[in-house]
Structure formats: structure tokens, C-alpha cells
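One structure is given here, and the rest of the page talks about it.
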């Protein structure tokens, strides 16, 4: 077959270029569907990311309420002041959704401020149980289970605490206003510092520590999913762009061979083919631009997210250290046991970078386990780094 015959045969196949126009429009449609799928998948990944942050937040909230309950029952046992029992009941009611939760309740050291000023602050918010907050947060099933186990353990501890407060209340009534720590009230107060109590408290914190570890492990997964999604979408759109340009080129070449270049351009300008090509080209270039910008900005976005997580964990670690110091000082004052003074000094030395920080120190309920078992849970060794240096290293 002569080359000229082959060319004419191809031209005859494309006498009506509506097939090419249809293919170009199909490329537009596929690109639009790809963009919609990308946006849906991206929103899904971002929703998963938000659920990770919510899970960490809820874990921290439950831990804080458990610590607040412990603090109030111990203050009540030592002082006999009924205001601390009122605070205890209010904390439990807020957590269970039986009383309105003040605005900014979890974003401020609410009960520290109340203890200092003797006044509540903030407008009352909705009364929502912490389990409902967890259900709304989109947490994974196993994460929800750990949170519920921690809350169940905290509720079981609250039963013990209420038993102790009943003994204290009876002692206050019997003393006719002259409350003394002796007899049953002394035994009740000591129960708050017993191995029974430390073990029950460690049960709460161990579940929350496991939840935190599991959630942190999923942050990298979410980041990888988002990057893989954008890379795949960009590759697909490059293929679509190349295909569209090839189809447009074939269409123009066929028309040029049939009618000449000027007539071909005029014909395409009047037809749907050029419009489809322009739409496809514009849409695909826009898609490529979005994906390219995301891939370009992704390292900075990842750094920002990592810094936010680091800032949250640093703040939580510093607050936990402060709570641990307060706890050891109170235990030492109440019991006179030298080990609590030793624990106090050790916590301070670790925070200031004078003593090595044990592995997993901030990931475990470290001092709850020590109080429960009398042994360090993570072994010896670790880095000797002041907490301020950790903040600087995290880029805060």
C-alpha cells in the first residue's frame, strides 16, 4: 500500500471528527471525576486526622478529670471542708453529662483557678457526657473501647472515693464542726494514699496511656495516605493531559490534511472539539497546579502539624510533671514516708535535665505505675535533657 493511500484511509476514518471531540469531552469528564474523587478522599483523610487530634484531646480530658477528682477527695479528707466534696460531685456530673460544662472547661486549668479564686468562671455550656463526645469525634472502635475502659476504671475509683467521703462526712458531723483526723477519718484519709488506691488509679492511666500510644502511631499513616493520594492524582492528570493534547493534535492534523490549516482552525473554532479541548486543558492544568502546590507545601504542612502535636505533648508533659510534684509533696506531708520526698526530687531533676529521663517517661503513666508497684516501669537510662531543651528541639 502506498503512503498516500494509507493517509487517505486514515482521513476517511476521521471525516467527521465528532469521535475525537467525544474523546476530548470524555477526558474532561474523567478529569472532573478524578478531581471530585481527590477532594472527597482528601476530606476523608483530613477527617481521619481531625479524629486523631480529638482522640488525644479526649484522652487528656478524661485523665484531667480523674486527677481533679483525686485532688478534691484528698483535699476534703485532709481539711473536712465540704466545698471540696461539692467540687468532686460537680466534676463527676460534668463528665457524665448531668451538669452543663462551662465554656473553655478543658482549655483552661479550670479547677486550679477555682481553687485559687473560690469562684466559677465562664458561661455554662452544653451538658454532654464524655462518651458522647467520643462518639462524635469519629474515633476508631478499639480507641473507643480503651477510652470506655479508662472511664469505667475511673468510675470504679469514684465509688471508693465516695465511700471514703461518707466516712469523712460522718466524722465531720460527729465532731460538731471541730473536724479532726483521727480514728475512722484518719483511716479513710490514709486509704486515699494506699496501694489499693494507687493500683486503682494506675488502671485508669494505663488505659489512657495505651490509647495515646495507639493514636500517635496513626499520625504517620494519615500523612502517608494524603501524600500517596496527591501523587497518584497528579500522575493520572498528567496522563489525561497528554492524551487530550494528543487527541487535539490528531483532530487538527486530520482537518488540516482535508481542508488546509486555516480552514481546519476555523472549523474547530466553530465546532465543539476546540471548546472541549480548551476545557480539558484548563481543567487538567488547574488540577496539576493544585496537586503540585500541595506536594510543594506538604513538607511545610507536615512540619506545622508535627509542631502542633509536639506543642500539645510538651504542654501536657509539663502539666503532668507539675501535677506529679504536687502529688508527691502531698503524699509526703500526709504519710511522712521518705520515698515520696525522693520521688519529688527525682521528678524535679528529670524535668531540669539533672537526672536521665527514663524511656517512655511521658508516654506511660510513669509515676502512677511507680506508686502502684514500687518499681520503675521503663527501666534505667535515657537522655538527660531539660524540658526547655525538649521544647527548643521540637521547634516550638
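Numbering (this note's numbering), first residue to last: 522 to 917. Glycine residues also receive a C-beta, built at the ideal position from the N, C-alpha and C atoms.
#1: Quick one: measure Cβ to Cβ for residue 627 and residue 582, integer angstroms, because I've assumed they're closer than 8 angstroms.
#2: Figure out for me which residue from 906, 889, 908 and 898 has the closest Cα to the Cα of residue 719.
#3: Taking Cβ positions, are residue 886 and residue 903 nearer each other than 8 angstroms?
#4: Report the rounded CA-to-CA distance for residue 725 versus residue 670, giving the unit in angstroms.
#5: Short check: CB of residue 622 to CB of residue 648, under 8 angstroms?
#6: Could you tell me whether the segment 730-740 touches the segment 572-588, using the rule of 3 or more Cβ pairs below 8 angstroms?
#7: Consult DSSP for residue 623 and reduce its assignment to one of helix, strand or coil.
#8: Taking the Cβ atom as the reference point for each residue, do residue 874 and residue 907 lie within a distance shorter than 8 angstroms?
#9: Given residue 597, which residues of its chain have a CB within under 8 angstroms of its CB, disregarding the five upstream and five downstream residues?
#10: Can you find the residues in the same chain that come closer than 7 angstroms, C-beta to C-beta, to residue 618, ignoring five residues on each side of it along the sequence?
#11: Tell me the residue span of the alpha helix (DSSP H) that contains residue 857.
#12: Quick check on this structure: which residue in 717, 613, 691 and 696 has the alpha carbon closest to the alpha carbon of residue 673?
#13: Out of 891, 840, 706 and 864, state which residue places its alpha-carbon closest to the alpha-carbon of residue 850.
#14: What is the rounded straight-line gap between the Cα of residue 676 and the Cα of residue 897?
#15: Could you tell me the boundaries of the alpha helix (DSSP H) in which residue 635 lies?
#16: I'd like to confirm the pairing. Which residues does DSSP put opposite residue 645 in its beta bridges?
#17: Considering only the beta carbon of each residue, do residue 891 and residue 710 sit closer than 8 angstroms?
#18: At the level of alpha carbons, what is the spacing between residue 708 and residue 594?
#19: Reducing DSSP to helix, strand and coil, say where residue 628 ends up.
#20: Between residue 616 and residue 739, which are expected to be in contact by the criterion C-beta below 8 angstroms, what is the C-beta distance as a whole number of angstroms?
#21: In this structure, how does DSSP classify residue 894 when only helix, strand and coil are distinguished?
#22: Are the CB atoms of residue 601 and residue 693 nearer to each other than 8 angstroms?
#23: Does residue 550 pass the burial test, meaning 16 or more other C-beta atoms within 10 Å, or should it be called exposed?
#24: With H, G and I counted as helix, E and B as strand and the rest as coil, what does DSSP make of residue 714?
#25: What would DSSP say about residue 667, mapped onto helix, strand or coil?
#26: Less than 8 angstroms between the CB atoms is what I'm expecting for residue 729 and residue 584, so what's the real figure, rounded?
#27: Measure the CB-CB distance between residue 862 and residue 853 and report whether it falls below 8 angstroms.
#28: Quick check on DSSP: helix, strand or coil for residue 882?
#29: Go to residue 607, then tell me how far its alpha helix (DSSP H) extends in each direction, as first and last residue.
#30: Thinking C-alpha only, which one of 848, 860, 879 and 884 is nearest residue 838?
#31: I think residue 624 touches residue 640, with their Cβ atoms under 8 angstroms apart; what is that distance to the nearest whole Å?
#32: What is the C-beta distance between residue 868 and residue 893, in whole angstroms, given that I count them as a contact (C-beta under 8 angstroms)?
Taking the coordinates as given:
#1: Here residue 627 refers to the residue found at position 106 of the chain shown. Here residue 582 refers to the residue found at position 61 of the chain shown. That pair is a contact at about 5 angstroms.
#2: Against the chain shown, residue 719 aligns to sequence position 198. Ranking the options by Cα distance to residue 719, first place goes to 889.
#3: The residue you call residue 886 lines up with position 365 of the chain shown. The residue you call residue 903 lines up with position 382 of the chain shown. No, they are not a contact pair.
#4: By one-based count along the chain shown, residue 725 stands at place 204. By one-based count along the chain shown, residue 670 stands at place 149. When rounded, the distance between both Cα atoms is 8 angstroms.
#5: Taking the chain shown and counting its residues from 1, one reaches residue 622 at position 101. Taking the chain shown and counting its residues from 1, one reaches residue 648 at position 127. A contact, by the Cβ cut-off of 8 angstroms.
#6: yes
#7: Taking the chain shown and counting its residues from 1, one reaches residue 623 at position 102. Residue 623 falls in the strand class under three-state DSSP.
#8: For this step, residue 874 is matched to residue 353 along the chain shown. For this step, residue 907 is matched to residue 386 along the chain shown. Yes, these two residues count as a Cβ contact at 8 angstroms.
#9: Translated into the one-based positions of the chain shown, residue 597 becomes position 76. Correct list, in chain order: 603, 605, 606, 609, 686 and 689.
#10: The residue you call residue 618 lines up with position 97 of the chain shown. Excluding positions up to five away in sequence, the list reads 648, 649, 650 and 653.
#11: Taking the first residue of the chain shown as 1, we reach residue 857 at position 336. Annotation: residue 857 is outside any alpha helix (DSSP H) and is labelled neither H nor E by DSSP.
#12: As a working mapping, residue 673 is identified with position 152 in the chain shown. Considering only alpha carbons, the answer is 613.
#13: On the chain shown, position 329 is the one that residue 850 refers to. Checking every option, the nearest Cα to that of residue 850 belongs to 864.
#14: Within the chain shown, residue 676 is the residue found at index 155, counting from 1. Within the chain shown, residue 897 is the residue found at index 376, counting from 1. Using only the alpha carbons, I get a separation of about 26 angstroms.
#15: In the chain shown, the residue the question calls residue 635 occupies position 114. First-last of the alpha helix (DSSP H) with residue 635: 631-638.
#16: The residue given as residue 645 occupies position 124 in the chain shown. Note: residue 645 sits in a beta bridge opposite 623.
#17: Against the chain shown, residue 891 aligns to sequence position 370. Against the chain shown, residue 710 aligns to sequence position 189. Result no, Cβ atoms of residue 891 and residue 710 do not sit closer than 8 angstroms.
#18: Residue mapping note: residue 708 aligns to position 187 of the chain shown, counting from 1. Residue mapping note: residue 594 aligns to position 73 of the chain shown, counting from 1. Near 14 angstroms, if we compare the C-alpha coordinates of residue 594 and residue 708.
#19: Mapped onto the chain shown, residue 628 falls at position 107. Coil at residue 628, not helix or strand.
#20: Reading the chain shown from its first residue, position 95 is the one you call residue 616. Reading the chain shown from its first residue, position 218 is the one you call residue 739. Incorrect: roughly 25 angstroms between the Cβ atoms, too far for contact.
#21: As a working note, residue 894 is residue 373 in the chain shown. In the three-state scheme derived from DSSP, where H, G and I count as helix and E and B as strand, residue 894 is classed as helix.
#22: Sequence index remark: in the chain shown, residue 601 carries index 80 (1-based). Sequence index remark: in the chain shown, residue 693 carries index 172 (1-based). The answer is yes: Cβ separation under 8 angstroms.
#23: Counted from its first residue, the chain shown places residue 550 at position 29. Flag for residue 550 reads exposed.
#24: Reading the chain shown from its first residue, position 193 is the one you call residue 714. Correct three-state label for residue 714: coil.
#25: If you number the chain shown from 1, residue 667 lands on position 146. Looking at residue 667 - three-state DSSP - the assignment turns out to be helix.
#26: To locate residue 729, count along the chain shown from 1; it is residue 208. To locate residue 584, count along the chain shown from 1; it is residue 63. About 5 angstroms; that satisfies the 8 angstroms criterion.
#27: Taking the chain shown and counting its residues from 1, one reaches residue 862 at position 341. Taking the chain shown and counting its residues from 1, one reaches residue 853 at position 332. The beta carbons of residue 862 and residue 853 sit closer together than 8 angstroms.
#28: Within the chain shown, residue 882 is the residue found at index 361, counting from 1. Correct three-state label for residue 882: coil.
#29: One-based indexing of the chain shown puts residue 607 at position 86. Note, residue 607: alpha helix (DSSP H), 603-616.
#30: To locate residue 838, count along the chain shown from 1; it is residue 317. Residue 884 is the option with its Cα nearest to residue 838.
#31: Counting from one through the chain shown, the residue named residue 624 turns up at place 103. Counting from one through the chain shown, the residue named residue 640 turns up at place 119. About 15 angstroms separates the two Cβ atoms, so there is no contact after all.
#32: Translated into positions along the chain shown, residue 868 becomes position 347. Translated into positions along the chain shown, residue 893 becomes position 372. Actually they do not touch by this definition, with Cβ atoms about 16 angstroms apart.
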